[in-house]
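**Q** All you need for the working numbering is the position in the sequence shown, starting with 1, plus 11. Glycine included, every Cβ here is placed at the ideal spot set by N, Cα and C.
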Amino acid sequence: MTSGKSAETARPARRRLSVDRRREELMAAALELFSTRDAEDVSIDDVASAAGASRALVYHYFGGKQELYVAALRSAADQLESRLRPHEGGRPLDELASGLRRYFDFVEEHAAGFAALLRGGPANRAGEVGEIVDGVRRRLFRLILRQMRVEEPSPVLRTTLRSWIASVETAGLDWLEHHDVERPTLEKMLVDHMVALLGVAATYDPDVAGLLQRLA
12 MTSGKSAETA RPARRRLSVD RRREELMAAA LELFSTRDAE DVSIDDVASA AGASRALVYH
72 YFGGKQELYV AALRSAADQL ESRLRPHEGG RPLDELASGL RRYFDFVEEH AAGFAALLRG
132 GPANRAGEVG EIVDGVRRRL FRLILRQMRV EEPSPVLRTT LRSWIASVET AGLDWLEHHD
192 VERPTLEKML VDHMVALLGV AATYDPDVAG LLQRLA
């Protein structure tokens, strides 16, 4: 009797694990496709074929292509944001460099997810998809402020940091496409880029000048 009950309680856990694993396989296949093609050009049949699954199974788990697209992007965003959790204790620029290493760890290990998350222009970033992408950017923005010990940025600093985040995204996509710059070199260049941008911003905002002096 006891062994029968144990088997009964074990079976649902195995089924749930199987469902989770299957969903992950479908999302991984979708991210690979979305990383190189516009979402409009990817069909449910394409995803099913890439995942070795049936069309009906994709619909069973996600309901439709938009639901699958959003779920896949949210999965990539959640993984990236988990890498951006602050590791404090060092100098602000050292913490920034550490954050960049974790960011590019994700870029390297989850290339399809990163490319799918950021591929396309503002026209493709409306609604829920736009919220997912903007959420990652807001998380990175808050992380940088925390590393710089800034509670409320001035308009000049806010613009500067958002410009730098856009540069990091572009650098990540370019690196995935070409792989012709060593990662440590690219990461150091982006830290130097931040310092250079703050140097320009400092000529327009004395608060940024004070911040730059503290960082130096």
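What is the C-beta distance between residue 213 and residue 207, in whole angstroms, given that I count them as a contact (C-beta under 8 Å)?
**A** Start at 1 with the first residue of the sequence shown, and residue 213 comes out as number 202. Start at 1 with the first residue of the sequence shown, and residue 207 comes out as number 196. Wrong, their Cβ atoms sit about 11 Å apart, outside the cutoff.
**Q** Could you round the C-beta distance between residue 39 and residue 58 to whole angstroms and report it? I think they count as a contact, below 8 Å.
**A** Counting from one through the sequence shown, the residue named residue 39 turns up at place 28. Counting from one through the sequence shown, the residue named residue 58 turns up at place 47. About 10 Å separates the beta carbon of residue 39 from that of residue 58, a gap too long to meet the 8 Å contact definition.
**Q** Sorted by chain position, which residues of the same chain lie with C-beta nearer than 8 Å to residue 204's C-beta, five sequence neighbours on each side aside?
**A** Sequence index remark: in the sequence shown, residue 204 carries index 193 (1-based). 175, 178, listed in sequence order.
**Q** How would you write the range of the alpha helix (DSSP H) that residue 159 sits in, first residue to last?
**A** In the sequence shown, residue 159 corresponds to position 148, counting from 1. That residue, residue 159, is in no alpha helix (DSSP H); it is neither H nor E in DSSP.
**Q** Taking residue 11 as the reference, give the member of 161, 141, 216 with the closest Cα.
**A** An answer regarding residue 11 cannot be provided, because it is not within the stretch 12 to 227 covered by the chain.
**Q** To which residues of the same chain is residue 128 closer than 8 Å at the C-beta, ignoring the five residues directly before and after it?
**A** Position 117 of the sequence shown, counted from the first residue, corresponds to residue 128. Contacts found: 84, 87, 88, 91, 143, 144, 147.
**Q** Give a yes or no on whether the C-beta atoms belonging to residue 107 and residue 30 are separated by under 7 Å.
**A** For the purposes of this step, residue 107 is taken as residue 96 along the sequence shown, with counting starting at 1. For the purposes of this step, residue 30 is taken as residue 19 along the sequence shown, with counting starting at 1. Going by C-beta atoms, residue 107 is not nearer than 7 Å to residue 30.
**Q** Alpha helix (DSSP H) containing residue 86: first to last residue?
**A** Numbered from its first residue, the sequence shown carries residue 86 at position 75. Element bounds for residue 86: 76–94.
**Q** First and last residue of the alpha helix (DSSP H) that includes residue 203?
**A** Translated into the one-based positions of the sequence shown, residue 203 becomes position 192. It spans 194–213 - the alpha helix (DSSP H) in which residue 203 sits, taken as one unbroken run.
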